[in-house]
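S.K.: Right, I'll just put the structure down here and ask away after.
This is the structure:
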């Protein structure tokens, strides 16, 4: 077949990729740790900001109606457009990559959590209204607990995107990280190194999703019992 007849510098074999891991394991580990730090920090920051924004929009409905269209517009911007600006504003260090990751994480979290807050059963809200509970009490004691499954869904959807945010930032401008490795290897036509870095990124994405699944399992269980 045509694919298998391609030269190694275009499509390396699995053995050639494994050889890269054997030869450059220390270097790849060092670069992976940089990307891991960026994506974990970005995941945490984006999740916190997304949760805070969703709660704020639910707490102030009129403000939410004004702000939500802007959130949707910002979500439509391609990350490749934002990345150069972040590097320009925050420099070539880790901060710009963390911010990029946080932005990518923010939108799935705020969208899913806000959707959960908006979809509270009206019969439950009517029953709460009969108790003379205030808007804040209804939000804190009823709407937030019932919206937790939406938050869990948002976190689980967002988690595998964290490596993408970090790598996009590294592509634009960095001196370390797996994205930097891919750019440098691609310029030198070291396709086996590119595939090795891509394999690590795939493992990181799956691993982060599994980590978030385990971390949110108690939260999802508690929400079902509430």
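Residue numbers (my numbering): 5 to 230. All C-beta atoms in this analysis are idealised placements derived from N, C-alpha and C, irrespective of residue type, glycine included. Bear in mind the structure is a predicted one, so any value in this text is a computation, not a measurement.
Contact between the segment 189–208 and the segment 143–162: three or more CB pairs below 8 Å?
M.R.: Flag = no, the segment 189–208 and the segment 143–162 do not touch.
S.K.: Given a threshold of 16 other Cβ atoms within 10 Å of its Cβ, counted over all protein chains shown, does residue 103 qualify as buried or as exposed?
M.R.: Locating residue 103 in the chain shown gives position 99, where the first residue counts as 1. That one is buried.
S.K.: Hey, how far is the Cα of residue 84 from the Cα of residue 76?
M.R.: What you label residue 84 is simply residue 80 of the chain shown in a count that begins at 1. What you label residue 76 is simply residue 72 of the chain shown in a count that begins at 1. One C-alpha to the other measures close to 17 Å.
S.K.: With a CB to CB cut of under 7 Å and the five nearest residues on each side skipped, what residues in its chain are close to residue 17?
M.R.: Here residue 17 is taken as the residue at index 13 of the chain shown, counted from 1. Hits under 7 Å: none found.
S.K.: Would you mind working out which of 38, 19 and 31 sits nearest residue 208, comparing C-alpha positions?
M.R.: Taking the first residue of the chain shown as 1, we reach residue 208 at position 204. Of the listed residues, the one whose Cα sits closest to residue 208 is 38.
S.K.: Going by the beta-carbon positions, is the gap between residue 68 and residue 115 smaller than 9 Å?
M.R.: Sequence index remark: in the chain shown, residue 68 carries index 64 (1-based). Sequence index remark: in the chain shown, residue 115 carries index 111 (1-based). The answer is no: Cβ separation not under 9 Å.
S.K.: With 16 other CB atoms within 10 Å as the buried threshold, where does residue 66 fall?
M.R.: Translated into the one-based positions of the chain shown, residue 66 becomes position 62. That one is exposed.
S.K.: Give, in chain order, every unbroken run of the alpha helix (DSSP H) that is at least 4 residues long and sits entirely within the segment 113–195.
M.R.: Complete alpha helix (DSSP H) runs here, min 4: 126–134, 139–142, 148–162, 166–176 and 182–191.
S.K.: What's the C-alpha gap between residue 2 and residue 111?
M.R.: Residue coverage of the chain in this structure runs from 5 to 230, which leaves residue 2 outside it and unanswerable.
S.K.: Do residue 88 and residue 177 have their beta-carbon atoms positioned less than 9 Å apart in this structure?
M.R.: By one-based count along the chain shown, residue 177 stands at place 173. By one-based count along the chain shown, residue 88 stands at place 84. Yes, the Cβ-Cβ distance between residue 177 and residue 88 is below 9 Å.
S.K.: Between which two residues does the alpha helix (DSSP H) carrying residue 82 extend?
M.R.: As a working mapping, residue 82 is identified with position 78 in the chain shown. From DSSP, residue 82 is part of no alpha helix (DSSP H); its letter is neither H nor E.
S.K.: Can you tell me whether residue 90 is buried or exposed? The criterion is at least 16 other CB atoms within 10 Å of its CB, across all chains shown.
M.R.: In the chain shown, residue 90 corresponds to position 86, counting from 1. That one is buried.
S.K.: My output table needs one value for residue 68: the three-state DSSP class, helix, strand or coil.
M.R.: Working through the chain shown from its first residue, we reach residue 68 at position 64. Residue state, collapsed to three classes: helix.
S.K.: Which of helix, strand or coil does DSSP assign to residue 18?
M.R.: As a working mapping, residue 18 is identified with position 14 in the chain shown. DSSP places residue 18 in helix when its eight states are reduced to three.
S.K.: Mind reading off the beta-carbon distance from residue 106 to residue 53? Whole number of angstroms is fine, and I expect it under 8 Å.
M.R.: The residue given as residue 106 occupies position 102 in the chain shown. The residue given as residue 53 occupies position 49 in the chain shown. Yes, residue 106 and residue 53 are in contact; Cβ-Cβ is about 7 Å, under 8 Å.
S.K.: With a Cβ-Cβ cutoff of 9 Å, do residue 212 and residue 43 count as a contact?
M.R.: Taking the first residue of the chain shown as 1, we reach residue 212 at position 208. Taking the first residue of the chain shown as 1, we reach residue 43 at position 39. Yes, the pair counts as a contact, with Cβ atoms nearer than the cut-off.
S.K.: Check whether the Cβ atoms of residue 70 and residue 117 lie closer than 9 Å to each other.
M.R.: Within the chain shown, residue 70 is the residue found at index 66, counting from 1. Within the chain shown, residue 117 is the residue found at index 113, counting from 1. No.
S.K.: Compare the C-alpha of residue 206 against each of 163, 55 and 189 and name the closest.
M.R.: Here the question's residue 206 lines up with position 202 in the chain shown. Out of 163, 55 and 189, 163 has the C-alpha closest to the C-alpha of residue 206.
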